[in-house]
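Working notes for the structure below.
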Amino acid sequence: MLSHSILAAALLLASDVLATPETVVWFAQAGTAFTDSLMIGNGRLGASVWGGTSSDNIALNEDTLWSGGPYNPIHPGAHATLLTARAQINAQNWTNAEATINANVLGNPSSKHYSYVHIAVSLLFMPTEIHIYFTQRLWAQMHCLS
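Take 33 as the starting number for the sequence shown in our numbering and just add one per residue.
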């Protein structure tokens, strides 16, 4: 419970410094899935944030955590195949160019489709009365009413 109080206090104090029209993003409705999330991070470390009015989901990610095992992504001979693919693109032969790229240029193993895996998913819940106060205060600051 103490951690919730500390988080709420930090958010209220931060709103005085950070709440400007240039630094706030408003959404018309609550996010319900990962595809509704706001991506934050620096490229190596990141997170996606989505949620409702009194809760947030934060999926944490790090660039070296992948599904599957180690593999060499270098496709031997890919550089030589690019000339063929470029000629096919210049001839507007899109289907063959795509097949050539998929078969001979994309990293090995292109058929396994490894993907990023979340390090953790954090669920944050904010008591309704604190959320309402914070939202009203932020809205007032954004519209120069406080």
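Note that CB positions come from ideal geometry on N, CA and C, so glycine has one too.
Q) Any chance the region 113-122 sits against the region 54-66, with 3 or more Cβ pairs inside 8 Å? A) Taking a contact to require three or more Cβ pairs closer than 8 Å, the region 113-122 and the region 54-66 do not qualify as touching.
Q. Leaving out the 5 sequence neighbours to the left and right, which residues in its chain are closer than 7 Å to N10 when beta-carbon positions are compared?
A. Residue 10 is absent from the model: the chain starts at 33 and stops at 178.
(Q) Does T181 pass the burial test, meaning 16 or more other C-beta atoms within 10 Å, or should it be called exposed? (A) There is simply no residue 181 to check, as the chain begins at 33 and stops at 178 in what is shown.
Q.
Please state whether the Cβ-Cβ distance between L97 and I151 is less than 7 Å.
A. Judged by their CB atoms, L97 and I151 are nearer to each other than the 7 Å cut-off.
**Q.** Proximal residues to G109 (C-beta, below 8 Å), its chain only, five neighbours per side dropped
**A.** For G109, where only same-chain residues beyond five positions count, the Cβ hits under 8 Å are N136.
Q) Just how far apart, CA to CA, sit N128 and H111? A) N128 and H111: Cα-Cα distance of roughly 17 Å.
Q.
I'd like the list of long-range same chain contacts for T67, defined as Cβ closer than 6 Å, with 5 residues on each side in sequence excluded.
A. Answer for T67: no residue qualifies.
Q | Beta-carbon separation (whole angstroms), L92 vs S154, contact threshold 8 Å | A | Contact annotation, L92 with S154: C-beta distance approximately 7 Å; criterion of less than 8 Å satisfied.
Q: Look at the alpha carbon of V56 and the alpha carbon of L115, and state the distance between them as a whole number of angstroms.
A: Roughly 47 Å between the two C-alpha positions.
**Q.** First and last residue of the uninterrupted alpha helix (DSSP H) at N104
**A.** Counting along the chain, no alpha helix (DSSP H) covers N104, and no H or E run does either.
Q) Quick one: Cα of L156 to Cα of N134, how far? A) The alpha-carbon separation between L156 and N134 amounts to approximately 42 Å.
Q.
Which residue marks the beginning of the beta strand (DSSP E) containing A65, and which one marks its end?
A. No beta strand (DSSP E) holds A65; DSSP gives it neither H nor E.
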